[in-house]
Amino acid sequence: MDSLKGHLPDSGVKPPRSIQRRSRWLAAGATAGALALILGACGSSTPAANSGPSGTSASKPTTSSAPHLTGLYGTLPKVGTPTTGGTITIGQLKGSTPAYVMPILPAALSSVFTSYDFINLMNQPIYWAPQGATEQYDNSLSIANPPVYSNGNKTVTITLKAWKWSTGTPVTAANVVEFIDVLKAAIKESAANFGNYTPGFFPDNVKSATASGQTLTLQLTKAYNPGYFTDDQLDLLSALPPQWAVSSAGGKQLPFTNPADAKAIYDYLNSQAKNVSTFGTNPLWKISDGPMVIQSFNPTTGAYTMTPNPDFSGPQKASYSVLSVETFTSTQAEFNALQAGTLDIGGVDFTNLPEVSRITGTYSVYGLPDFGFDGMWFNFADKTGDFNHIISQLYIRQALAHLIDQAGYVRGIFKGAAAQAYGPIPSLPKSPYAPANATTNPYPFSTSAAASLLSSHGWTVKPGGQTVCTKAGTGANECGAGIPAGTPLKWNEDYGNSPAALGQQTIAFASAARQVGIEIALRSNTFNNLIANDNDPSAPTKINDWAMVNFGGFTQSLYPTTNTLFNTGGSYNLGFYASSTANTLIHNSVYGADPTAVAKEASYLTSNAPVLFLPSPDLIWAVSKKVGGPADGFLNMTQYTWTPQDWYLLK
Amino acid sequence: MTTYIVKQLLAALIVVIGVTMITFGLLHVISSSPGRAVLGLRASLQAVAAFNRAHGYDKPIYIQYVRYLGQLVQGNLGYSYKEGQSVANLIKENLARSAYLSGAAITLAILLSFPVGIWQAYKRNSISDYTVTAVAFTLYSMPTFFLGLLLIDFLALRLGWFPVEAAQQTNILAVIANIHAMFLPIITLTAVQMAAYSRYMRSSALDNLAQDYIRLARAKGLSERAVLTRHLFRNSSLAMITLIGLSIPALLAGNLITESLFNYPGLGFLFFTALQNEDYPVLLAITLMGAIAVVVGNLIADIAITVADPRVRL
């Protein structure tokens, strides 16, 4: 299941913290970034790897005991030797503070990734991901063993491990059924009650869920690709403690299998879960199967404290006494706190990268892209100037892809804190599904290659002028179906006005396009406006108003199929991209049995360029050199996931 | 006076209703389907429809507006679906903090700028006047965020005299008591406002210094100190009253930049966040408060002028 990248507000499993953060403070970095872009654009297209702060090569970590990962920006914190007790402080941004405390997170709040971190620390998903920065389940942190498929992939059997709630009672399969039944009741009440709900998919596709001790059996409505169902659907599975099966404070436990009771339970839990003033005091939320238990919550600021769950059943319990999550009104305020040394762990915004050397003496600064892809989207249905016919030609999309200077963008716009990405499954972060062509740019930056493609297909290229079709027709060296002679390469492109990188990339692209006689009129707008209007499925009256748009991109689930994004009729197929080959490959990814189906899908889309793929920006963290832990406990933070039980204060 | 106030209040009511209509209309022009903006691109059509239905956004705009007014009359400002709290509660939590920050800064700016402006006028065209003018122009033209960053960098990070953050307590009394932490944000706001006020005060004092009553006072043999404090100060202050009255909305709206920079959540920041989140109930409530504050500020300024200047009758 994909989720949207862009700045607030959006909806999805793991929206991009980096972009949310950048949207707060864009003025300071905009000019410098644009200047750097110009300089970068003048450079070559040498592939760029992430580099460290102050120009330190990421491939040579400065701290000998700090582990290293290829492609990492900066240096990871030390493993070191833990001490016990103390407080670890971590920053979060006001505006993205938790406002809900139950795993059935409403759609209106599901864009705030910190809500997931907050909830997951007390109510763990059954299957935990990622494993460090690798996009796969971490079996040691998962409450259940890997699922077993039978009955032609229509039955899933899940065996829970011997984990316990903080009350001392075991986490059982019945607790998972409780979650599913209450979730179904929530969705029946309103589709907006669960942010990760897509009609027809989980939990609609679970015909029945039965529990027997530690064994959960799901009967599905149809057969799914096990890879898809495991990585894209079961990641939504949680367990609810039996004490939550009530409809009032201190009420008797209700049989949640009865839909009316499940609804009563949901209504009560929902009323409590959105009451921020009682997050720290309500006994319901003191029951945890995660590594932490909530201690206090400040409803005004959204700051909160947690203490380690002494009964946590996972492989590692926190060795410190208190986790304090502090709120900041801006990325600059958070960076000020890092400079002052009053914060142990904090995010670093791109606008602060030029001055990051101020904190590298006392903090380990590192980053990696989150899992997903960014891109400039085409509107294949826009009839203005025959754009629909123009853009349906693969050679046109290939020519345009040659005008994306990924290396220049990484170096100039992102100051090295980004990774080049050529398809829906980029090479970073690592995914077991990455196709072979994920690591090599099929369309490296080259205006001459772009011009050559156009010239060889019947266009008269006028650098700096107006390229027009001079050989109409459908032959191999002609413009293509529906493109009359004299048609100019001329259209519009919208881009989000925040973060600044969106505009910088779009301007650089339009500038490169001008060099081959393509005239792109640029228009900036708010993110909300773009997703509301540059969106063929939900804004059909605007179909002929936009040709291209750059609002960001989508995060991916562990199973990175582009189902719903690039299949015909997909609900998020923004520009009505249509390819029968893609449709077949996507169908196989979701409903077939081939474990390599999704890699094949990604491989095809990488070369078919349904969007112009862009570099993936890093999510950058600064961790005090007083704090250490295993690499995975810090790497997963770049994927919007916290495992604070892995962190500790160093001796 | 009473008739004037009643008339002004009636006019204010019309203005406030007009503001609500315009704000309401503009918000719906920007996004006719808040559900899409709030839930995001990935949200299903069913979820968007359910959200719009639950919040009444599926109804015609005039019905939504009438319903909104009805709730408003009952004192219900709505519920923020992004903050998870009632709007009234959000405003209650943030109002005092913003009012304190802006109020302290405005008060300090007034206390400092009045004597500075008069002194500059008295010493006009002297080196000291030029120096203060240069400083005032520099501060006035300096963006607040830049001044704040400079103060943080020098006074907090390099010298360590002050913390980088404003007071983090939620109790307003505790915030007020924490002068050490509030010093930098208040001074940042004060400096910019003082620069503006002192220029107005200097200009007003220069005008008054040329008046006959000043010459008469001197001719009567009053000391220069008495001329300045008793006659010049009062008469020069009249022009400032309107300016200060117009500053009252800032007490409520807070100061977004300063709040953001010094990690001090208040109404300004709440409004900014609501704007990003398309959190309609919060946007409408704060806009409404701003409109009321402007009207009240003007009214207070008018009344204050009649008190300060007996020649003025409303």
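So the protein sequences, as listed, match chains R and Y. For the first sequence, the positions run 11 to 661 when this note's numbering is used. For the second sequence, the positions run 0 to 313 when this note's numbering is used. We put the beta carbon where it would ideally sit given N, CA and C, even for glycine.
Does any residue of chain R have a CB that is nearer than 9 Å to the CB of residue i?
i	result
Y/PRO280	no
Y/VAL37	yes
Y/ILE60	no
Y/LEU156	yes
Y/GLY83	yes
Y/VAL86	no
Y/GLN45	yes
Y/PHE153	no
Y/VAL163	yes
Y/ASP206	no
Give the straight-line distance between the Cα atoms of residue i and residue j, rounded to the nearest whole angstrom.
i	j	result
Y/MET181	Y/LEU188	11 Å
R/VAL256	R/LEU264	6 Å
R/TYR201	Y/ILE4	One detail in the question is off: residue 201 of chain R reads as Ala in this sequence, not Tyr. So the alpha carbons of these two residues sit roughly 51 Å apart.
R/ASN583	R/LYS198	26 Å
R/TYR658	R/LEU86	14 Å
R/TYR650	Y/ILE302	56 Å
R/ARG368	R/VAL375	11 Å
R/PHE189	Y/PRO33	29 Å
R/GLY490	R/PRO498	13 Å
R/THR94	R/ASP299	22 Å
Y/SER112	Y/ASP128	13 Å
R/THR179	R/PHE390	56 Å
R/GLN326	R/PRO252	25 Å
With residue i and residue j assumed to form a contact (beta carbons below 8 Å), what rounded beta-carbon distance in angstroms separates them?
i	j	result
R/GLY105	Y/THR19	Not confirmed; about 25 Å, so no contact.
R/ASP392	R/PHE455	R/ASP392 to R/PHE455, Cβ: 25 Å. No contact.
R/GLY101	R/LEU353	5 Å
Y/ALA307	Y/SER236	7 Å
R/LEU333	R/PRO654	5 Å
R/ASN163	R/ALA233	4 Å
Y/ARG96	Y/GLY265	5 Å
R/GLY468	R/ASN487	6 Å
R/ALA522	R/THR477	Their Cβ separation, rounded to whole angstroms, is 13 Å, which puts R/ALA522 and R/THR477 out of contact at 8 Å.
R/LEU103	R/TYR110	Wrong, their Cβ atoms sit about 17 Å apart, outside the cutoff.
Y/THR321	Y/THR143	In this structure chain Y extends from 0 to 313, so residue 321 of chain Y is not present and cannot be described.
Y/ILE247	Y/VAL295	7 Å
R/ASN319	R/PRO301	6 Å
Counting only C-beta atoms, is residue i closer than 9 Å to chain Y at any point?
i	result
R/ALA632	no
R/GLY385	no
R/PRO209	yes
R/TYR110	yes
R/GLU344	yes
R/ALA202	yes
R/VAL286	yes
R/SER298	no
R/ARG34	Low confidence applies here, because R/ARG34 scores a pLDDT of 23, under 50, leaving its location unreliable; read the following figure in that light. Yes, because at least one Cβ of chain Y sits closer than 9 Å to the Cβ of R/ARG34.
Buried or exposed for residue i, going by 16 or more other Cβ atoms inside 10 Å?
i	result
Y/PHE161	buried
R/TYR505	buried
R/GLN514	buried
Y/MET0	exposed
Y/ARG66	exposed
Y/PRO280	buried
Y/ASN276	buried
Y/HIS179	exposed
R/ASN235	buried
R/VAL158	exposed
R/SER160	exposed
R/LYS661	exposed
Spell out a yes or no on whether the region 183-192 of chain R and the region 213-227 of chain R are touching, meaning 3 or more CB-CB pairs, one atom from each, closer than 8 Å.
yes
Given 8 Å, three or more beta-carbon pairs between the region 377-384 of chain R and the region 556-567 of chain R:
yes
Counting Cβ pairs closer than 8 Å, one from the region 109-124 of chain Y and one from the region 140-148 of chain R, do we hit at least three?
no
With three or more beta-carbon pairs closer than 8 Å as the criterion, would you say the region 347-367 of chain R touches the region 470-480 of chain R?
no
Counting Cβ pairs, one atom from each stretch, are 3 or more of them under 8 Å apart for the region 422-430 of chain R and the region 612-626 of chain R?
yes
Contact between the region 146-164 of chain Y and the region 340-353 of chain R (3+ Cβ pairs under 8 Å)
yes
Would you say the region 50-64 of chain Y touches the region 5-14 of chain Y, given that touching needs at least three Cβ pairs under 8 Å?
no
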